[in-house]
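Notes follow the structure.
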Amino acid sequence: DLLTTIPSRRPNMAYTNTYALIGAAAVLGGMARMTISLTVILLECTGNEQFVLPLMLTLMTARIVGGLFNDDLYHIHIHLKKGVHFLEAELKSITRHHRLRAADVMGHHVLFLRPVEKVSMIVDLLKNSKHSNFCVVDTENGSVLYGTIGRHALTVLLQQRAFGPRSDSTIRKDYIEVGTEKEIFLQIVQWDVIEKDYVKNPSVDDVNIRPEEYNFTVDLRPYVNIAPIAVQEFA
183 DLLTTIPSRR PNMAYTNTYA LIGAAAVLGG MARMTISLTV ILLECTGNEQ FVLPLMLTLM
243 TARIVGGLFN DDLYHIHIHL KKGVHFLEAE LKSITRHHRL RAADVMGHHV LFLRPVEKVS
303 MIVDLLKNSK HSNFCVVDTE NGSVLYGTIG RHALTVLLQQ RAFGPRSDST IRKDYIEVGT
363 EKEIFLQIVQ WDVIEKDYVK NPSVDDVNIR PEEYNFTVDL RPYVNIAPIA VQEFA
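Convert by adding 182 to the 1-based position in the sequence shown; the result is the number in my numbering.
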């Protein structure tokens, strides 16, 4: 009311509800750091197109000034929530780390699987580690990196019982031959089956495996990503 009672040649310089709207926009903009979406929402609430420019200027200013002090509210909530790994868009440069190599920060005790692995090894690895992806190393061929396979794919393979009683398996079209004496064949699990319940992330604790099946083997070769992103140790 003070602004409306200031003596001036132009009475009613601005209505108090206009300042209230701009102030509310500034608070919301500083909290959420949104510009266009908040402008549209506030315009729909007021129904006055004359507020487009003031709202845009206010929200842009609130976004810039707020960014100088801290992150937005949703960004802060991501860091507060446990178990959510968030990669920043830009990493802060630390001078003392400029000469670090990949070998200086990499883990030396790597958890890996073989191209043809026992069910017991896969179950043990899934239960005792929190990795979402595992290396597949060909230990019989110079310990070279064969590829990578995800936790989700491994769990689905166990659920689909894609394992057999022998380890000398060979791939034949859409089937995996796991035995030559009795001509045992296992159908390859299709990729759409593996990705069907990707969001649900099934747990290995929900997979029912009989005691005698722990010595069976799984041929991971049809399901391995053979072109993973790799970093040299001296990079």
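Each residue gets a CB set at the ideal place from its N, CA and C atoms; glycine is no exception.
Predicted model only: the values in this text are computed from it and were never measured.
- Taking C-beta atoms under 8 Å as the contact rule, G211 and L239 fail to qualify, at a distance of about 10 Å.
- Segment contact: the stretch 369 to 377 against the stretch 307 to 315, fewer than three CB-CB distances shorter than 8 Å; contact not assigned.
- Relative to the Cα of L336, the nearest Cα in the group V319, G324 and I376 belongs to I376.
- K309: member of the alpha helix (DSSP H) spanning V301 to N310, first to last residue.
- Residue nearest to N397 within the set G346, A412 and E226 is G346 (criterion: CA-CA distance).
- By the neighbour-count criterion, in which a residue is buried when 16 or more other Cβ atoms sit within 10 angstroms of its Cβ, D286 is exposed.
- Judged by pairs of C-beta atoms under 8 Å, the stretch 287 to 298 does not touch the stretch 262 to 271, as fewer than three such pairs exist.
- Residue pairing for V338: DSSP places it in no beta bridge.
- In the DSSP annotation of this structure, N315 is not part of any alpha helix (DSSP H); the continuous beta strand (DSSP E) holding it starts and ends at N315 to D320.
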